[in-house]
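The opening residue of the sequence shown carries number 1 in the UniProt record's numbering; numbering runs sequentially from there.
Data first, discussion second: the structure below is written as C-alpha cells.
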Amino acid sequence: MVSFPEYEEILVASNVQDKRFSCVVTTHTIKKHYPLHYHDMLELALVVRGTGVEYINGEPHRLQPGSVTFLRPNQMHEIFCDSDNLEVEIYCCMFDISVLFGADIDNDFGRATFYHNIDQPSYVDLNDMQLDNMTRIFKQMLAEYRGNAFAKNNFVRCKLIEALILYMRMYRQSEHETLSDNRIRSNKMIWEVIQFLNTRYMDDISLEDLARKYGSSVSTISTLIKEALGTTLLQYLHTLRIRRAEGLLSNTTMSIMDVAIETGFQSFRTFSRVFKRIHGVSPREFRNRLPNRTGLPIRADS
Numbered sequence: 001m002v003s004f005p006e007y008e009e010i011l012v013a014s015n016v017q018d019k020r021f022s023c024v025v026t027t028h029t030i031k032k033h034y035p036l037h038y039h040d041m042l043e044l045a046l047v048v049r050g051t052g053v054e055y056i057n058g059e060p061h062r063l064q065p066g067s068v069t070f071l072r073p074n075q076m077h078e079i080f081c082d083s084d085n086l087e088v089e090i091y092c093c094m095f096d097i098s099v100l101f102g103a104d105i106d107n108d109f110g111r112a113t114f115y116h117n118i119d120q121p122s123y124v125d126l127n128d129m130q131l132d133n134m135t136r137i138f139k140q141m142l143a144e145y146r147g148n149a150f151a152k153n154n155f156v157r158c159k160l161i162e163a164l165i166l167y168m169r170m171y172r173q174s175e176h177e178t179l180s181d182n183r184i185r186s187n188k189m190i191w192e193v194i195q196f197l198n199t200r201y202m203d204d205i206s207l208e209d210l211a212r213k214y215g216s217s218v219s220t221i222s223t224l225i226k227e228a229l230g231t232t233l234l235q236y237l238h239t240l241r242i243r244r245a246e247g248l249l250s251n252t253t254m255s256i257m258d259v260a261i262e263t264g265f266q267s268f269r270t271f272s273r274v275f276k277r278i279h280g281v282s283p284r285e286f287r288n289r290l291p292n293r294t295g296l297p298i299r300a301d302s
C-alpha cells in the first residue's frame with residue numbers, strides 16, 4: 001500500500017500563542033510506528049529510550065539512545081520501532097528558522113547549522129557522556145518551555161543553541177564535513193535572503209527583486225530557496241504571512257480585511273484561499289473558534 005505523507009501544522013497543533021517565537025518543545029513515546037509526515041519547521045530530536053529505524057526522504061538510519069536527528073523544512077520522515085522493542089522515547093524541539101536570527105555574531109552559526117547537512121546524512125550518534133549532556137539540555141529546555149518564568153523564550157533559545165552546537169560539534173567530528181568555496185558563498189547569500197524575507201514578507205517581493213538585490217540570477221535564487229526551504233518563494237511568503245495573520249486574528253480586534261492587507265496579501269480572495277488551504281477553515285471560522293482575549297468588540301469585516 002502506498003503511504004502518503006501528512007503535513008503537520010506544528011504551531012497550530014501545539015496551540016502556540018506567541019507567533020514572535022515559533023518554537024515547540026515536546027517529549028513523547030512512539031508506539032510501533034510514527035506515520036510518514038513533514039512540516040515547515042526545523043527539528044532537532046534526541047532518542048533517550050528504545051530502538052528502531054527512521055526514514056528521512058526514503059533513506060533509513062538506526063535509532064538508539066543517543067541518536068540525534070536534525071531535520072530541515074519539508075523533509076519527509078517516519079519512524080518504525082523494532083519488533084522486540086515497540087516503543088521509542090524522544091525529546092523534540094521544532095522551530096522556525098527565524099529563531100536563529102539575532103545579533104551579527106549569530107549569523108555564521110545560523111548559516112552553518114542550517115546548511116551543514118544539505119548533501120549529507122541528518123543524524124549523529126552520541127556516546128554515553130554526550131547523551132547525558134544532551135538529555136540535561138533538553139530537560140531544562142522542556143521544563144522552561146512548559147513554565148511561565150520571566151524571559152522563558154530567551155532561555156529556551158539559549159538552550160536550543162547549546163543543543164545545536166553540541167550536535168554540530170559531534171557531527172563534524174564524525175563526518176569531517178567540508179564545504180567548497182562556492183557552497184560557502186551560496187550559503188551566505190541564501191541565509192541573507194531568508195533573513196530579508198522574514199523581515200519584509202509583507203512587501204511585494206519577486207524572484208527578480210531578490211536577484212537584483214543580491215547580484216544573482218532568478219534561476220539561482222529560485223534553486224537556493226527550494227534547496228534550503230523545500231518550497232517556493234511564494235509558498236514561503238504565504239507561510240510567513242499566514243503566521244502573522246494568526247497572531248492578528250487571535251490577539252487584536254482588526255477586521256479580517258485589515259489583517260489581509262497588514263500581512264501583505266494583494267487581495268482578500270487570495271488571503272482567504274491561502275488561509276483555508278493551510279488551516280482547513282476560513283479566517284472568520286478560525287477567529288470564531290478562539291476566545292476573545294482582548295475583551296473588546298471585534299471590528300466588523302468589510
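Even for Gly, the Cβ is constructed at its ideal location relative to N, Cα and C.
Over what stretch of residues does the beta strand (DSSP E) that includes residue i continue unbroken?
| i | result |
| --- | --- |
| S67 | 67 to 71 |
| Y123 | 123 to 125 |
With the cut-off set at 7 Å, would you say residue i and residue j are in Cβ contact?
| i | j | result |
| --- | --- | --- |
| F70 | G52 | no |
| G230 | P73 | yes |
| E78 | L36 | yes |
| N57 | M76 | yes |
| E54 | L63 | yes |
| I278 | I256 | no |
| Y91 | T27 | yes |
| I225 | L234 | no |
| E89 | G147 | no |
| Y201 | L240 | yes |
| Y214 | M254 | no |
Tell me where the alpha helix (DSSP H) around residue i begins and ends.
| i | result |
| --- | --- |
| A143 | 128 to 146 |
| L36 | Premise fails: L36 lies in the beta strand (DSSP E), 33 to 38, not in any alpha helix (DSSP H). |
| F268 | 268 to 279 |
| M257 | 256 to 262 |
| I97 | Run containing I97: none; DSSP gives neither H nor E here. |
| T220 | 218 to 229 |
Since residue i contacts residue j with CB under 8 Å, what's their CB separation in whole angstroms?
| i | j | result |
| --- | --- | --- |
| S272 | S282 | 6 Å |
| K159 | Q140 | 6 Å |
| A163 | L44 | 6 Å |
| V25 | L142 | 5 Å |
| P65 | V48 | 6 Å |
| L237 | I205 | 7 Å |
Could you give the DSSP three-state label for residue i: helix, strand or coil?
| i | result |
| --- | --- |
| M168 | helix |
| I79 | strand |
| G247 | helix |
| M41 | coil |
| N154 | helix |
| residue 370 | In the structure as shown, the chain begins at 1 and stops at 302. Residue 370 is therefore absent and cannot be evaluated. |
| M189 | helix |
| L207 | helix |
| N57 | coil |
| Y201 | coil |
| L86 | coil |
| I298 | Low local confidence applies: a pLDDT of 48 at I298 is under 50, so the model's placement there is unreliable, and no value is given. |
| T29 | strand |
| S282 | coil |
Excluding the five sequence neighbours on either side, which residues of its own chain have a C-beta within less than 6 Å of the C-beta of residue i, listed in chain order?
| i | result |
| --- | --- |
| I261 | none |
| T29 | E87, E89 |
| L179 | Because the pLDDT at L179 is just 49, under 50, the model does not fix this residue reliably, and the point stays unresolved. |
If I measure Cβ to Cβ from residue i and keep anything under 7 Å in the same chain, skipping five residues before and after, which residues do I get?
| i | result |
| --- | --- |
| A211 | S217, V218, I221 |
| F155 | E144 |
| S67 | V47, Y123, D125 |
What does a CB cutoff of less than 8 Å around residue i pick up in its chain, not counting 5 residues either side in sequence?
| i | result |
| --- | --- |
| S22 | L11, V16, M41, F95, D96, S98, V99, R243 |
| F286 | E246, L249, F275, H279 |
| M170 | V68, V124, L126, Q130 |
Just checking residue i against the ligand GTP - is the residue's beta carbon closer than 6 Å to any of the ligand's heavy atoms?
| i | result |
| --- | --- |
| E87 | The ligand GTP is not among the ligands present in this structure, which contains no ligands whatsoever. |
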